[in-house]
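There are 2 protein chains.
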Amino acid sequence: MTERQSSNSKSTKQHPTPDNGYVVAVDIGGTNLRLALADMTGVIAARWSSSTAGSRGADGIIELIRSGVEHLLQQASVPRDALRAIAAGAPGVTDVDAGIVIATSYLLGWRDVPLRDLLEAAFGIPAAIDNDVNVAAIGESWAGAAKGISDFVFLAIGTGIGAGIVLHGQPFRGMGWSAGEIGYMLVPGVPDSPADRGKPGALESLIGGEGIKAEWQRRWSKENSSLRRDLTATEIFDGALQGDSLAQSILEQSARILAYAIYNMSLVLNCPLFVLGGGVGMHPALGDATRRVLEQWSERGQLELTPSLLGADAQLIGAVRLALVTADTRSILTLQR
Amino acid sequence: MTERQSSNSKSTKQHPTPDNGYVVAVDIGGTNLRLALADMTGVIAARWSSSTAGSRGADGIIELIRSGVEHLLQQASVPRDALRAIAAGAPGVTDVDAGIVIATSYLLGWRDVPLRDLLEAAFGIPAAIDNDVNVAAIGESWAGAAKGISDFVFLAIGTGIGAGIVLHGQPFRGMGWSAGEIGYMLVPGVPDSPADRGKPGALESLIGGEGIKAEWQRRWSKENSSLRRDLTATEIFDGALQGDSLAQSILEQSARILAYAIYNMSLVLNCPLFVLGGGVGMHPALGDATRRVLEQWSERGQLELTPSLLGADAQLIGAVRLALVTADTRSILTLQR
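From first to last, the protein sequence lines are chains E and W.
Going left to right, the first sequence walks through residues 26 to 362 as this note's numbering numbers them.
Going left to right, the second sequence walks through residues 26 to 362 as this note's numbering numbers them.
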């Protein structure tokens, strides 16, 4: 009897159901690597993060992910053979079909890195990769501010600026995998020629986090402010809410430029919902000021701006979703063999 | 043996194949109505056109189409029961699923006209409608400058300006059926607030045919030109080719503004091919000057500008394609009943 039970229990383990297992989500940022372990319903069981300083090559990142996964499995008491899939968002142009990171413009500087193969080789499970902003859009679409919305744009404004476009319920990535690269957009008030590739684009140099900081410092020397010179973009926006007039002026200028970009994208895509994400993009002062500019133009139709619901977790939760889909697809493929 | 052959041949005639029959293509313009009769391989058998002056209501247009179709059938000696489908391009926002022209901003001023039902009722055959710029894009994709290209933008510049976007081989129309309405785009050099809806947009008022004419007249009074004051946009571009410096200055300005719009669209859509159509857009001087501006920005990647191959026929040939697809789809539906 005891022997039989033991045998049954063993047999169940040999045929795992789709609910039985875990996936790993990876958010590769310019300065930080973040990992999550989630069960097959998407509930996060454990998290881990690390600085990527000193390990910016692909092999170093894979080693870091490998070590992070070990920590996650220990933390959640999950055996390694319960892992079903892994998915990663990478900060650059990513060929989703081939599983290759074509180029990253920020800290990593990768060129043609076969990240999907590297992950599959490291863990022996199916892997998927996508651009980090697209992954964040997938997250917001699955469990965030755009849940149930078929067409929307996720606008990430942090150090830089990028858009993840979802059309007909699917990420729209463009023929060269770089749709939504709006940091180069030419709107009223920008220098009237595009920046060279690799350098910050015209729009980005005005309303990316670094651009806002630079504008603050440029004007701080000439105009009066009781605030410090070395503020970050979000601190400048905090200053605007507290009544500092220089900070308010920079907020209004940033909002106007952002409104141009959103308006132009809405003309091309006829898409009414924009989700504002990223450290700078999520600041309520920027969202409110941008909404006020767009409302003055309201005859053009109803544009809806909403902050990201998932915040700094958008990429990680999108990667959970991507890993779940990857696990599921491969399971079906396996069944059909 | 002979009898058998005859019987086979008769049997074939009783069950018409897709090659057996004709479709009607309709191009509803602001000032002209153009019709074509095409066989099921898409070869045009007859054409007809008429001014729409005095018959701008929907009923008047339907009557005009009815009379045109009679002419076409007579002209090609085709019996009326050989008609399999009709398709029309309309100059406005068009709900393709419901078959309704939601709004036209130019001469017709239609609101919520159920054009597909009106056509089906008038002719007793399946009908389809779409926005005229989308229909032109379908034409260029099927038999023109974008043949075999899955992702491209058809830019129509005539009196106004509009874009027909094709993504993954399908027209992309947007959630409110008005994707590509770039006449309102805000780029460097335009007034920094959008125009009210219904009025010409910022971009349109600069590089639509009327805008170019207005700019010519404004500057003609102040600057020297040996050319007449009452030139059309294409005549102004002809003047630029002939060496008139005011005309050249206006050409360069138009090309620069157009380059901004194309560049911004390419950032959003990551789409390398732009087909220039419409009377103004097809002028070789504008295409060449715009290409020169974009080439200065070439680090951003290879944008290809090409003139429409179908020219003034783009809409009509796109409507032929739409009618053929409509006839085909309904045939399959009939078989499944």
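Don't be surprised by glycine CBs; every beta carbon is placed ideally from N, CA and C.
Quantities reported herein were computed from a predicted structural model and do not represent experimental measurements.
Asked, Found
"Around the C-beta of D269 (chain E), are 16 or more other C-beta atoms found within 10 angstroms, so that it is buried, or is it exposed?", "buried"
"Look at the alpha carbon of R72 (chain E) and the alpha carbon of V126 (chain W), and state the distance between them as a whole number of angstroms.", "52 Å"
"Give me whichever residues DSSP pairs with W322 (chain W) in a beta bridge.", "In the DSSP output, where bridge partners are listed per residue, W322 (chain W) has none listed."
"Within the 9 Å Cβ cut-off, does E240 (chain W) reach chain E?", "no"
"Going straight from the alpha carbon of N249 (chain W) to that of A78 (chain W), what length do you get?", "37 Å"
"List the residues that DSSP assigns as beta-bridge partners of P332 (chain E).", "E:L301"
"With three or more beta-carbon pairs closer than 8 Å as the criterion, would you say the region 237 to 244 of chain E touches the region 257 to 277 of chain E?", "yes"
"Return no unless some Cβ of chain W is closer than 9 Å to the Cβ of S34 (chain E).", "Interpretation of S34 (chain E) is limited by its pLDDT of 40, a score under 50 that renders its predicted location unreliable; the figure taken from the coordinates is listed afterwards. Not closer than 9 Å to any Cβ of chain W, the Cβ of S34 (chain E) fails to qualify, so no."
"With DSSP run on the structure shown, which of helix, strand or coil describes P196 (chain W)?", "strand"
"Below 8 Å, can you find three or more Cβ-Cβ pairs linking the region 183 to 197 of chain E to the region 143 to 163 of chain E?", "yes"
"Among the candidates W:L301, W:T315 and W:D122, whose CA atom is the shortest distance from the CA of S274 (chain W)?", "W:T315"
"Out of curiosity, what's the CA-to-CA distance linking G233 (chain E) and G304 (chain E)?", "10 Å"
"Cβ atoms of V121 (chain W) and D155 (chain W): under 9 Å apart, would you say?", "yes"
"If I measure Cβ to Cβ from Q340 (chain E) and keep anything under 7 Å in the same chain, skipping five residues before and after, which residues do I get?", "D52, G114, D157, V160, A161 and G164"
"Note down, in chain order, each residue of its chain lying with its Cβ closer than 6 Å to the Cβ of N45 (chain W), except the 5 sequence neighbours on either side.", "none"
"Can you pull out the residues from the region 200 to 215 of chain W whose beta carbon lies closer than 9 Å to at least one beta carbon of chain E?", "M200, G201, W202, S203, A204, G205, E206, I207, G208, Y209, M210, L211, V212, P213, G214 and V215"
"If we define contact as Cβ-Cβ less than 9 Å, is A162 (chain W) a contact residue for chain E?", "no"
"So, using beta-carbon positions, are V212 (chain E) and N295 (chain W) closer together than 9 Å?", "no"
"Mind reading off the beta-carbon distance from A50 (chain W) to V345 (chain W)? Whole number of angstroms is fine, and I expect it under 8 Å.", "4 Å"
"For D4 (chain E), go through chain W and note every residue whose CB falls closer than 9 Å to its CB, in chain order.", "Residue coverage of chain E in this structure runs from 26 to 362, which leaves residue 4 (chain E) outside it and unanswerable."
"Going by C-alpha to C-alpha distance, which of W:V48, W:F197 and W:R136 sits closest to A112 (chain W)?", "W:V48"
"Between which residues of its own chain and P1 (chain W) is the CB-CB distance below 8 Å, once the five residues before and five after are set aside?", "Chain W is shown only over 26 to 362; residue 1 (chain W) falls outside these bounds and no answer can be derived."
"Quick one: is G198 (chain E) buried, meaning 16 or more other Cβ sit within 10 Å of its Cβ, or exposed?", "Strictly speaking, residue 198 (chain E) in this sequence is Arg, with Gly absent from that position. R198 (chain E) comes out buried."
"Kindly list, in the order they appear in chain W, the residues whose Cβ is closer than 7 Å to that of M290 (chain E).", "V293"
"I'd like to know whether the C-beta atoms of G169 (chain W) and L334 (chain W) end up nearer to each other than 9 Å.", "yes"
"Would R136 (chain W) pass as an interface residue toward chain E - the criterion being a Cβ-Cβ separation below 9 Å?", "no"
"Excluding five sequence neighbours on each side, which residues of the same chain lie with their C-beta closer than 8 Å to the C-beta of N57 (chain W)?", "S74, S75, S76 and T77"
"Roughly how many angstroms lie between the CA atoms of R141 (chain E) and G124 (chain E), to the nearest whole one?", "5 Å"
"State yes or no: is the beta carbon of F197 (chain W) nearer than 9 Å to at least one beta carbon in chain E?", "yes"
"Please classify A348 (chain W): does DSSP put it in a helix, a strand, or coil?", "helix"
"Could you please tell me which residues of the region 175 to 188 of chain W, in chain order, have their CB closer than 7 Å to any CB of chain E?", "D176"
"Does the separation of the CB atoms of I182 (chain E) and L283 (chain E) fall below 9 Å?", "yes"
"Note down, in chain order, each residue of its chain lying with its Cβ closer than 7 Å to the Cβ of L292 (chain E), except the 5 sequence neighbours on either side.", "none"
"Quick one: what does DSSP say T257 (chain W) is sitting in, helix, strand or coil?", "coil"
"Any Cβ of chain E within less than 9 Å of the Cβ of P151 (chain W)?", "no"
"Which partner residues does V118 (chain E) have in the DSSP bridge list?", "E:A128"
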